[in-house]
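Visitor: Pasting in a structure now, in structure tokens, and then I'll have a few things to ask.
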Ligand SMILES: C[S@@+](CC[C@H](N)C(=O)[O-])C[C@H]1O[C@@H](n2cnc3c(N)ncnc32)[C@H](O)[C@@H]1O
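Here it is, written out as structure tokens:
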């Protein structure tokens, strides 16, 4: 029997620590007026990433509360908090985003990062985030449109692309996302519609920014811990595809998204050939990728 892995564990590696540029976080801290905030809640906190990053800009004795469904993630977050000497107070607990164990009107700011994209009912979670936030407090969602990545191009020779192949890749990505949503596991490109969900939930002065971070891969990789971490993550994902470990998951979502097994298998065969070529470029250090992506910061006032 295969053991059930903690949610999103494959995306929680070292590369995630390089998702935000420090100077951009400073700008964000100014816009969110974090210097005046004492209590932050991070919902679906994973290892506590956003609480650790944002607390640096908050009041001296600020309290950070993180909640996540996975006890393994919470255990790791607690370990990181024990090693933190910033003077901020961290508390991490296992809890569901739909039922946060906090009283009404508790926090100055409530955030989530890549949580809503995984939920069957993101509106319900937003309402719960609003409930625990003080009137006049902020709700902030950091959520992507992951599908946009399908149309990025990673080598000059690909400008001579086959329109049919690009359309097929797009169909695969669309059916995967649609299938995941149909199975009740959320929508990976939800970021585009979070402002609408904020408004429907009664939030005011909804504002929107984009992260300016490019998740680039530029040789020579070894000179940069950031790029090395990204290369290592890519290698892990490619190994899973090439060894057949991820086939079932992709097929499951594709079928749920309305595709046929016959079409999927034809596509997967071609995809593996391309992945093998990419692995070789990555391993000889010649792969270059601009890493553009759409990652929204959506803010609303209660
Ligand atoms: C992609 S991870 C993001 C973790 C963290 N916010 C970060 O950016 O590093 C998604 C997280 O949402 C958590 N999660 C999923 N469904 C949840 C729910 N209903 N309630 C609380 N947490 C949930 C998962 O366990 C996982 O840690």
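Numbering (the numbering used here), first residue to last: 1 to 302.
A virtual CB, placed ideally from N, CA and C, is assigned to each residue, including glycine.
Computed from a predicted structure; not experimentally measured.
#1: Apart from the five residues just before and just after residue 199, which ones in its own chain have a Cβ nearer than 7 Å to its Cβ?
#2: Which partner residues of residue 108 appear in the DSSP bridge assignment?
#3: Can you list, in chain order, the residues of its chain with a C-beta nearer than 6 Å to that of residue 154? Leave out the 5 residues immediately preceding and following it.
#4: Just checking my contact of residue 182 with residue 256 at CB under 8 Å: how many whole Å lie between their CB atoms?
#5: Tell me whether residue 204 is buried or exposed, calling it buried when 16 or more other Cβ atoms sit within 10 Å of its Cβ.
#6: Which of helix, strand or coil does DSSP assign to residue 130?
#7: Under the three-state reduction of DSSP, which class applies to residue 121: helix, strand or coil?
#8: Would you list the residues sitting across from residue 113 in a DSSP beta bridge?
#9: Would you mind stating whether residue 84 and residue 67 have Cβ atoms separated by less than 9 Å?
#10: Excluding sequence positions up to five away, which residues of its chain have a Cβ less than 6 Å from the Cβ of residue 74?
#11: For the beta strand (DSSP E) that contains residue 209, what are its first and last residues?
#12: Starting from the C-beta of residue 241, find all residues in its chain whose C-beta is less than 6 Å away, skip the five residues before and the five after it, and write them out in chain order.
#13: Rounded to a whole number of angstroms, what is the C-alpha to C-alpha distance between residue 99 and residue 131?
#14: Using a threshold of 9 Å, state whether the C-beta atoms of residue 15 and residue 48 are closer than that.
#15: Tell me whether residue 92 counts as near ligand 1, meaning its Cβ is closer than 8 Å to at least one heavy atom of that ligand.
#16: Helix, strand or coil: which one does DSSP assign to residue 91?
#17: Taking 9 Å as the cut-off, decide whether the C-beta atoms of residue 301 and residue 138 are in contact.
#18: Does the Cβ-Cβ distance between residue 168 and residue 253 come in under 9 Å?
#19: Take residue 211 and list the residues in its own chain whose beta-carbon comes closer than 6 Å to its own, dropping the five residues that flank it on each side.
#20: Sort out for me which residues DSSP pairs residue 63 with in a bridge.
#21: Evaluate residue 53 with the Cβ neighbour count: other Cβ atoms within 10 Å of its Cβ, from every protein chain shown; 16 or more gives buried, anything less gives exposed.
Guide: This is what the structure holds:
#1: 206
#2: BP columns for residue 108 are empty, so no partner.
#3: 289
#4: 5 Å
#5: exposed
#6: helix
#7: coil
#8: 142
#9: no
#10: 68, 92, 94
#11: 204 to 210
#12: 275
#13: Whole-angstrom Cα-Cα distance: 10 Å.
#14: The beta carbons of residue 15 and residue 48 sit no closer together than 9 Å.
#15: no
#16: strand
#17: yes
#18: no
#19: In chain order, 295 place their CB closer than 6 Å to the CB of residue 211, counting only its own chain and leaving out the 5 sequence neighbours on each side.
#20: 39, 89
#21: buried
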